[in-house]
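For reference, each letter of the sequence shown is one residue, going 1 to 105 in our numbering.
Backbone N, C-alpha and C fix where the C-beta goes; we use that ideal spot for every residue, glycine too.
These numbers come from a predicted model, not from an experiment.
These notes concern the structure reproduced below.
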Amino acid sequence: GQVLKRLPQVGLYNLYGPTEAAIDVTHWTCSTDDVLSVPIGRPIDNLKTHILDDGLLPAAQGVAAELYLGGVGLARGYHNRAALTAERFVPDPFDEQGGRLYRTG
Numbered sequence: 001g002q003v004l005k006r007l008p009q010v011g012l013y014n015l016y017g018p019t020e021a022a023i024d025v026t027h028w029t030c031s032t033d034d035v036l037s038v039p040i041g042r043p044i045d046n047l048k049t050h051i052l053d054d055g056l057l058p059a060a061q062g063v064a065a066e067l068y069l070g071g072v073g074l075a076r077g078y079h080n081r082a083a084l085t086a087e088r089f090v091p092d093p094f095d096e097q098g099g100r101l102y103r104t105g
């Protein structure tokens, strides 16, 4: 909020995404109301986010869970690290066409 108050003519954006998912997965347009925290935002086109429990089911609000990313921006996996790729890139239970999700950790 302080940056926008000092520089009202500027747009400030929060972009989130790990290397495994094309770096920019979500976006948030910051506002002066974002004082205590800045959300990671909503997925950009052709990407998706899920907050899932250990059974890959949508987690209830307030329950410990993990952020999963999916869509066209995912990497193929880790070079020469098949076991790690299998652990972090899992089948997408919501995609009937065999897509994958990345477990962000």
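Suppose contacts are defined by Cβ-Cβ distances below 9 Å. Is residue 66 in contact with residue 52 by that definition?
Contact annotation: residue 66 and residue 52 have beta-carbon atoms nearer than 9 Å.
Can at least three beta-carbon pairs, one atom from the segment 87–103 and one from the segment 28–35, be found at a separation below 8 Å?
no
With H, G and I counted as helix, E and B as strand and the rest as coil, what does DSSP make of residue 66?
strand
Specify the secondary structure class of residue 7 as computed by DSSP and reduced to three states.
The three-state secondary structure of residue 7, taken from DSSP, is coil.
Where in the segment 14–70 do unbroken runs of the beta strand (DSSP E), each at least 3 residues long, occur, reported from the N-terminal end onward?
Qualifying beta strand (DSSP E) stretches, in chain order: 26–29 and 47–52.
With distances taken between CB atoms, is the gap from residue 41 to residue 80 smaller than 9 Å?
no
Which of the three DSSP states, helix, strand or coil, is assigned to residue 76?
DSSP places residue 76 in coil when its eight states are reduced to three.
Given this structure, state the Cα-to-Cα distance separating residue 72 from residue 98, to the nearest angstrom.
12 Å
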